[in-house]
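Chemist: Residues 126 to 425 in the numbering used here are what the sequence shown spells out, letter by letter. Backbone N, C-alpha and C fix where the C-beta goes; we use that ideal spot for every residue, glycine too. Treat the numbers as computed from the prediction; the structure is a model and nothing was measured.
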Amino acid sequence: MNAQWTAGFYAAGNGVEPYSSIPWSMYTSVVHFAATPGSNGTVSLGYLTQSDISSFIASRPSGKKAILCISDAPGGSFANNTTSSLVGTFASNIANFVNSNGYDGVDFDWEQNVNVTQFNTFLQQMRSALPGKLITTDMGNWNSLQSVAAASQSYLDQINIMCYDLDYSAGYSWYVDAVLQAGNTSVMTCDWRVNAFTSAGVAASKIGVGMPFYGRVYSGVTAAQQSSGNGSTVLYRNLVTNSSYWQPQYQGYDSAHKGQYLSIPSPATWISYTGTEEIGDIVSWAKSKGYGGYMTYSLD
Numbered sequence: 126m127n128a129q130w131t132a133g134f135y136a137a138g139n140g141v142e143p144y145s146s147i148p149w150s151m152y153t154s155v156v157h158f159a160a161t162p163g164s165n166g167t168v169s170l171g172y173l174t175q176s177d178i179s180s181f182i183a184s185r186p187s188g189k190k191a192i193l194c195i196s197d198a199p200g201g202s203f204a205n206n207t208t209s210s211l212v213g214t215f216a217s218n219i220a221n222f223v224n225s226n227g228y229d230g231v232d233f234d235w236e237q238n239v240n241v242t243q244f245n246t247f248l249q250q251m252r253s254a255l256p257g258k259l260i261t262t263d264m265g266n267w268n269s270l271q272s273v274a275a276a277s278q279s280y281l282d283q284i285n286i287m288c289y290d291l292d293y294s295a296g297y298s299w300y301v302d303a304v305l306q307a308g309n310t311s312v313m314t315c316d317w318r319v320n321a322f323t324s325a326g327v328a329a330s331k332i333g334v335g336m337p338f339y340g341r342v343y344s345g346v347t348a349a350q351q352s353s354g355n356g357s358t359v360l361y362r363n364l365v366t367n368s369s370y371w372q373p374q375y376q377g378y379d380s381a382h383k384g385q386y387l388s389i390p391s392p393a394t395w396i397s398y399t400g401t402e403e404i405g406d407i408v409s410w411a412k413s414k415g416y417g418g419y420m421t422y423s424l425d
């Protein structure tokens, strides 16, 4: 892909892909998902176990980077741990966790209750606490995260933009990860999401384009932007092994918005997903914009 980086998320406890099967050769770094903020400036294991950590680190080949993700998805609070009285302790504890467990860096997935001032101070302290280690973030254009990215980009190696769930709460069938608005400003797309960051002043070379390895199933419709309510998630591994869905005559591609889909006439079903044709277009688009890399979620 000729990128500075290609980062892939590996979800602990996924039950289908053992640590020994992580495709390290395809990535410059793999992100271990996920620990979480604890209480009083501590780090909680979250979805991880010490056995998970040992297996993950042991699977890392020479020349690759093993990154710890700290996310609020397991239920922890970044906001509570980055107050003026705790932020230094929290940064120190994260650095100790990263170093003592043999990680090559840390990834922050702070999505809920974002405090812009606290986030910026926190990232500055993390850079001081982890000199020489990778520090990356996962962001979208909500809760003023683009302003955090712009203010703190000098402390960050990667700002990976989550170009997925773009159909979230649309109320109609849409692509989970469409690339281009193509003049249709009523829809959410990757270029719309990334443009919020570049418009805020984030350097293109700091931006990674994130793409999902899952899709969305909409019942009762056969095309995009048809009334259907919200779709249900389908993992790519399950989609391609479903003989009712995965048939050549159902496969289509929206060349304007760059979105891959299945359109099934009976029973009426429309499924958006990330396929190889779309990935090729994402890469071409990202190269043309000078973006720094790519991110995928998740390997299993």
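1. Out of curiosity, what's the CA-to-CA distance linking Ser-196 and His-157?
2. By Cβ distance, which residues of its chain are closer than 6 angstroms to Phe-244, with the 5 residues on each side in sequence left out?
3. Curious, which full-length beta strand (DSSP E) runs of at least 3 residues does the stretch 245-321 contain?
4. On the three-state DSSP scale, how would you describe Asp-177?
5. How would you write the range of the beta strand (DSSP E) that Arg-185 sits in, first residue to last?
6. Would Leu-305 and Lys-383 qualify as a contact pair, given that the criterion is a beta-carbon distance under 8 angstroms?
7. Comparing alpha-carbon positions, which option in Asn-218, Val-239, Val-155, Ser-279 lies nearest Asn-165?
8. Shortest alpha-carbon distance to Trp-371 belongs to which of Ile-178, Tyr-398, Arg-252?
9. Among the candidates Ala-303, Ser-330, Lys-331, whose CA atom is the shortest distance from the CA of Arg-318?
10. Helix, strand or coil: which one does DSSP assign to Phe-158?
11. Could you check what DSSP says for Gln-351 in three-state terms: helix, strand or coil?
12. Since Ser-413 is in the alpha helix (DSSP H), which residue starts that stretch and which ends it?
13. Classify Gly-326 as buried or exposed, calling it buried when 16 or more other Cβ atoms lie within 10 Å of its own Cβ.
14. To the nearest angstrom, how far is it from the Cα of Asn-320 to the Cα of Ser-180?
15. First and last residue of the beta strand (DSSP E) that includes Gly-345?
16. Could you tell me the distance, in whole angstroms, from the CA atom of Gly-345 to the CA atom of Thr-394?
17. Keeping to the same chain, check which residues put their C-beta closer than 6 angstroms to that of Gln-202; ignore five residues upstream and five downstream.
18. In the structure shown, what three-state DSSP assignment does Ser-148 receive?
19. Am I right that Thr-261 and Ile-182 are in contact with their C-beta atoms under 8 angstroms? What's the rounded C-beta distance?
20. For Val-241, would you say it is in contact with chain C, using Cβ-to-Cβ distances shorter than 8 angstroms as the test?
21. Using CA coordinates, which residue listed in Leu-281, Gly-265, Thr-131, Ala-275 is at the minimum distance from Asp-290?
22. Where does Gln-237 sit, in a helix, a strand or coil, going by DSSP?
Modeler: Well, looking at it:
1. 10 angstroms
2. Val-273
3. Taking only runs of at least 3 residues, the beta strand (DSSP E) segments lying wholly in the stretch 245-321 are 259-264, 283-287.
4. Three-state DSSP puts Asp-177 in a helix.
5. Counting along the chain, Arg-185 falls outside any beta strand (DSSP E), and DSSP gives it neither H nor E.
6. yes
7. Looking from the CA of Asn-165, the closest CA among Asn-218, Val-239, Val-155, Ser-279 belongs to Asn-218.
8. Tyr-398
9. Closest by alpha carbon: Ala-303.
10. strand
11. coil
12. Per DSSP, Ser-413 belongs to the alpha helix (DSSP H) from 401-414.
13. exposed
14. 38 angstroms
15. Per DSSP, Gly-345 lies in no beta strand (DSSP E) segment and is marked neither H nor E.
16. Between the C-alpha atoms of Gly-345 and Thr-394 there is a straight-line separation of about 6 angstroms.
17. It is Ser, not Gln, that sits at residue 202 in the sequence shown. Correct list, in chain order: Pro-162.
18. According to the sequence provided, residue 148 is Pro. The question's Ser does not apply to it. Reduced to three states, the DSSP call for Pro-148 is coil.
19. Contact check for Thr-261 and Ile-182: beta-carbon distance about 18 angstroms, past the 8 angstroms limit, so the pair fails to qualify.
20. Although the question refers to chain C, the structure presented lacks it and comprises just one protein chain.
21. Gly-265
22. In this structure, Gln-237 counts as coil in the three-state DSSP scheme.
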